[in-house]
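Data block below; observations after.
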Amino acid sequence: MTLKTIALNNLRRRKARMAFLVIGLLVGIATVVTLVSLTEALTMETEHKLDQFGANILITPRSDDLAISYGGITVGDVAMQYEPIREADLPLIRTIPERRNIAAVAPKVLGAVRVGEQRVVLMGVDREVEFALKRWWVIDGRPVAADDELVAGSEVAAALDLRMGQQLEINGRTFTLVGLLQPTGAQDDRMLIGSLGMAQQLLGKQDNISLVEVAALCADCPVEEIVEQIAQVLPYTRVIAMQQVVKSRMHALDQFRLLSLSVAGVVVFIGALVVFVTMMGSVNERTREIGIFRALGFRRGHVVGLILLEAFIVSLVAGILGYLSGIGATRALLPFLATEHPHFEWSALLMGGSILLAVAVGALASLYPALHASRMDPTEALRAL
Amino acid sequence: MPFIEITGLTKIYESDADRVEALRGVDLRVEEGAFLGVMGQSGSGKSTFLSILGGLAHPTAGKVSVDGIDLYALSGEKLADFRREYLGFVFQSFNLIPYLTALENVMLPLAVKKMPAAQKRAQALEVLERVGLGGRAAHLPSQLSGGEQERVAVARALVNRPPLLLADEPTGSLDTATSEEIMELLTRLNQEGQTIVMVTHNEENRRYFHRMVQLRDGLVVADESLRRVATSSAA
């Protein structure tokens, strides 16, 4: 017979109260675990997308006086006075020491063409690479599969009143419109997109490239080093890391994380209130019992210890069940939120942290009720002597 | 030196509207091995007297010493230790913990003592045997009769082998036959050397006491010696 025996027996007798306590705390812990693990999974998903599909390094011709419009290139009527990137130099990118971290190299050639009375921008792309890289492009129709095919950006399509399957005459060549790009909010909306070789010919830029987008695996790789190494093999170009893209996505996730933590904090606080009110009710209900303990020689510290021990047991159970529930909820929700890469990673830190949090919240919320119990006047408590 | 020495014991309950003098300068000396009955009508101060003697309520004035220990010179936690080591309480309404078995209830005072679990169990079983409930150890209080519950309460009071047993109306909620059983049990314990102070208003019980003190309005109005105290001191 120890304080533990008394605590366990009391909890066994008051099953409904214990269940209420456990649920109150469990909901809070499960919410924390769900939000934290979902945020982690979504961060991983974003990193994965950036790694696999998103370009995060841009190679443009070195120029001091160009206005920037698309990746440092202004097109249209402005004369572009710069040394273009030589297509033959592109394989050099795959020779840098960090080459294993390079997922894709997507060259482009840009120039103005006339379609009827309108002047529009034509972008020639490596068909295989570009459409795989731009996973966020939604095309009504299909991507370009041949040299005589084009995809039109939404603004170009609206301005020229283009329809799927329509034939377009550009510099004496006939093209078929095989796809309409849904609005992206980027410069792509104002372009006609076709094959790289065809565009080079049409624009008179054979063997030249206007800019190159490079996708580097950036979750745990040194992007800055890759940038430096590419600049070394292509010294006449300007190589920049598109950190803003990464930063803005990470910022959005940070905001989500902050929101998650705030929501979790509120839920845990409510859980703590449930524990506090329930433990206070339990202590008041057990006034006589506490009086007996005190009359039999239990010190105040023993009474505090007994109440906190009960809170510890309940919180431990709530912490373990809360963690398991949170993981269950994460696994259930993840496929809906992370469609590309719904990967869940087991974390000992999250498990330990959530159980510790439950125990700490349970103990803190029970501290006042425990002290209140220990301060009870045994005579008053007993009302018998 | 007397085992219990009470001098000028005064207890006044004060509130905004009321001032009640529950005890008004009680002096008493009790020798070791005695079976003292404290009698009186409701409101005479006998429960307050037992609370103060049991280290549960501080007196307004006066001194209480048990076995040479000045109770109210002790700090709160030391007083709790004193209750655990020196006193056994038997309450009127048994005050058993409903979710603990008879054996666990008896072991309750040992819960905060550092001793092997097997020894706690053996000590509790032994005392349950002494009160005739060895076969009911695994029963919950709700599965025991009133008399059996009172016996468990007596066993719990004795498990720590305390020098002094305090009983508050231990037969108050029992029928006549069961009351007699309990009084005979207490008498037997007293004959084995246990010092007992018992509060009661039941005149029937006076035949069991060595000595009877009558309280009225917080004062000792009668102090009768009824039997000689046995010389055995095997408390």
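Those protein sequence lines, which keep their order, are chains A and B.
Under the working numbering, the first sequence has 217 at position 217, and the numbering climbs by one with no breaks.
Under the working numbering, the second sequence has 216 at position 216, and the numbering climbs by one with no breaks.
Positions of the beta carbon are idealized from the N, C-alpha and C atoms, including for glycine.
Bear in mind that the values here come from a model prediction, so they are computed numbers and not experimental data.
Could you list which residues in chain A have their beta carbon closer than 7 Å to that of A57 (chain B), in chain order?
T379
Please confirm whether A106 (chain A) and D126 (chain A) have their CB atoms less than 8 Å apart.
yes
List the whole-angstrom C-beta distance separating F49 (chain B) from Y208 (chain B), where the pair is believed to meet the contact cut-off of C-beta under 8 Å.
So it is not a contact: roughly 19 Å between Cβ atoms.
Using a cut-off of 7 Å between C-beta atoms, extract the partners of E289 (chain A) located in chain B.
I97
To be precise: take each residue of the stretch 294 to 307 of chain A, compare its Cβ to all Cβ atoms of chain B, and keep it if any distance is under 8 Å. Which residues remain?
Residues passing the 8 Å Cβ filter: R294, A295, L296, G297, F298, R299, R300, G301 and H302.
Minimum Cβ-Cβ distance from T60 (chain B) to chain A less than 8 Å
no
With respect to the beta strand (DSSP E) encompassing V144 (chain A), which residues constitute its N-terminal and C-terminal limits?
Looking at the DSSP string, V144 (chain A) is not in any beta strand (DSSP E), and its letter there is neither H nor E.
So K108 (chain A) is in the beta strand (DSSP E); what residue range does that whole segment cover?
I102 to V115
Since D175 (chain B) meets chain A, which of its residues come closer than 9 Å, beta carbon to beta carbon?
Under the 9 Å cutoff, chain A gives no residues; its nearest Cβ is about 20 Å from D175 (chain B).
Between the Cα of G132 (chain B) and the Cα atoms of B:M212, B:L185, B:M198 and B:Q92, which residue gives the shortest distance?
B:L185
Going along chain A, which residues have a C-beta under 7 Å from K46 (chain B)?
Going along chain A, no residue has its Cβ under 7 Å from K46 (chain B), so there is no contact; the nearest lies around 10 Å.
DSSP state of V197 (chain B), grouped into three classes?
Note: V197 (chain B) maps to strand in three-state DSSP.
8 Å Cβ cutoff, D70 (chain B) in contact with chain A:
Output row for D70 (chain B): interface = no.
When B:V38, B:A61, B:P163 and B:M39 are compared against I12 (chain B), the one with the closest alpha-carbon
B:A61
Once the 5 residues before and after R238 (chain A) are set aside, which same chain residues still bring their CB inside 6 Å of it?
T60 and R62
Is T237 (chain A) near the ligand ZN - that is, is its Cβ less than 7 Å away from at least one heavy atom of it?
The ligand ZN is absent from the structure shown, which contains no ligand whatsoever.
Taking its Cβ as the centre, do 16 or more other Cβ atoms sit within 10 Å of Y368 (chain A), making it buried, or is it exposed?
exposed
Hey, how far is the Cα of E225 (chain A) from the Cα of E98 (chain A)?
8 Å
I think G326 (chain A) touches V32 (chain A), with their Cβ atoms under 8 Å apart; what is that distance to the nearest whole Å?
7 Å
Straight-line CA distance for A235 (chain B) to F20 (chain A)?
With a pLDDT of 37 at A235 (chain B), under the threshold of 50, the modelled position of that residue is not reliable, and no figure is offered here.
Taking 8 Å as the threshold (beta carbon to beta carbon), is R17 (chain A) in contact with chain B?
Among the residues facing chain B, R17 (chain A) is not included, as its CB has no counterpart in that chain under 8 Å away.
Is there a Cβ from chain A that is less than 8 Å from the Cβ of S233 (chain B)?
For S233 (chain B), the predicted model reports a pLDDT of 44, less than 50, meaning its position is unreliable and no value from the coordinates is stated.
I'd like the list of long-range same chain contacts for M242 (chain A), defined as Cβ closer than 6 Å, with 5 residues on each side in sequence excluded.
N56 and L58
Determine whether the Cβ of A138 (chain B) lies closer than 8 Å to any Cβ atom of chain A.
Proximity of A138 (chain B) to chain A, defined by a Cβ-Cβ separation below 8 Å, is not satisfied.
Residues in the same chain with beta-carbon distance under 6 Å from D207 (chain A), minus the five sequence neighbours each way, listed in chain order, please.
Annotation for D207 (chain A): E87 place their beta carbon closer than 6 Å to its own, counting only its chain and skipping 5 residues before and after.
Rounded to whole angstroms, what's the CA-CA distance from L3 (chain A) to R156 (chain B)? Just pull it up for me.
16 Å
What is the C-beta distance between S65 (chain B) and A57 (chain B), in whole angstroms, given that I count them as a contact (C-beta under 8 Å)?
Contact flag wrong, Cβ pair sits at about 16 Å.
Cα-Cα separation, K46 (chain B) to L215 (chain B):
7 Å
Taking the DSSP output, what are the residues bridged to F35 (chain B)?
Among the bridge pairs identified by DSSP, F35 (chain B) is matched with B:I196.
Once DSSP output is grouped into helix, strand and coil, what is the label at K4 (chain A)?
Under the three-state reduction of DSSP output, K4 (chain A) falls in the helix class.
On the CB-based measure, 16 or more other CB atoms within 10 Å of its CB, does E289 (chain A) come out buried or exposed?
By the 10 Å Cβ count, E289 (chain A) comes out buried.
Would you say A111 (chain B) and H139 (chain B) are within 8 Å of each other, going by their C-beta atoms?
no
With distances taken from CA atoms, which of B:S15, B:R29 and B:R19 is nearest I4 (chain B)?
B:R29
Select from the stretch 91 to 118 of chain B all residues with a C-beta closer than 8 Å to any C-beta belonging to chain A, and list them in chain order.
F91, Q92, S93, N95, I97, P98, Y99, L100, E104, M107, L108, P109, L110, A111, V112 and A117
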